[in-house]
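Quick note: to get the working numbering, add 2 to the position in the sequence shown (first position is 1).
Below: the structure, in structure tokens.
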Amino acid sequence: MLQGAVLICGWRPGIAMVLKTLDKVMSFGSEVHLLADVPLRDRDSLLVADGLDLDYIRNIKLKHFQGRPGIAQDLLQLPITPGGYTAAVL
3 MLQGAVLICG WRPGIAMVLK TLDKVMSFGS EVHLLADVPL RDRDSLLVAD
53 GLDLDYIRNI KLKHFQGRPG IAQDLLQLPI TPGGYTAAVL
């Protein structure tokens, strides 16, 4: 099992499957940081429509950040720690 934090940059069809897979392979308490320009208020409903049941995510904590991955100022809002991210998906 992976431990730590994963950064996902951008929003794409099928993101729910990526999150389901991460929930299966990551240890309890791991985090997934999702940086995308999709409005925060729309994300839960979009994830559910894409097939993700938010009540069944057990191991990962999903943290949302709104911004554009290609803009340095938007990246500054991410809580990057000295250990960094275990993985990044662009």
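For each residue, glycine too, the CB sits at the ideal point set by N, CA and C.
field: PRO71 versus PHE30 - alpha carbon distance
entry: Against the sequence shown, residue 71 aligns to sequence position 69. Against the sequence shown, residue 30 aligns to sequence position 28. One Cα belongs to PRO71, the other to PHE30, and the distance between them is close to 27 Å.
task: Assuming ASP39 and GLY85 form a contact by the criterion Cβ under 8 Å, report the distance between their Cβ atoms to the nearest whole angstrom.
output: As a first step, residue 39 must be located in the sequence shown, where it is residue number 37. As a first step, residue 85 must be located in the sequence shown, where it is residue number 83. With 8 Å as the limit, ASP39 and GLY85 do not qualify as a contact, their Cβ atoms being about 27 Å apart.
message: In the DSSP assignment, the alpha helix (DSSP H) including ILE17 goes from what residue to what residue?
response: Against the sequence shown, residue 17 aligns to sequence position 15. DSSP places ILE17 inside the alpha helix (DSSP H), whose first and last residues are 17-27.
field: Continuous alpha helix (DSSP H) assignments of at least 4 residues falling wholly in the segment 24-73
entry: Listed in chain order, the complete alpha helix (DSSP H) runs (minimum 4 residues) inside the segment 24-73 are 42-51.
- prompt: Would a C-beta distance cut-off of 8 Å place THR88 and VAL34 closer than the cut-off?
  reply: In the sequence shown, counting from the first residue as 1, residue 88 sits at position 86. In the sequence shown, counting from the first residue as 1, residue 34 sits at position 32. Not in contact: THR88 and VAL34 (Cβ atoms no closer than 8 Å).
- request: Give the range of the beta strand (DSSP E) segment to which ILE82 is assigned.
  value: Your numbering for residue 82 matches position 80 in the sequence shown. That residue, ILE82, is in no beta strand (DSSP E); it is neither H nor E in DSSP.
Start-to-end residues for the beta strand (DSSP E) that takes in LEU9: Taking the first residue of the sequence shown as position 1, residue 9 is located at position 7. Where LEU9 is concerned, the enclosing beta strand (DSSP E) stretches over 7-11.
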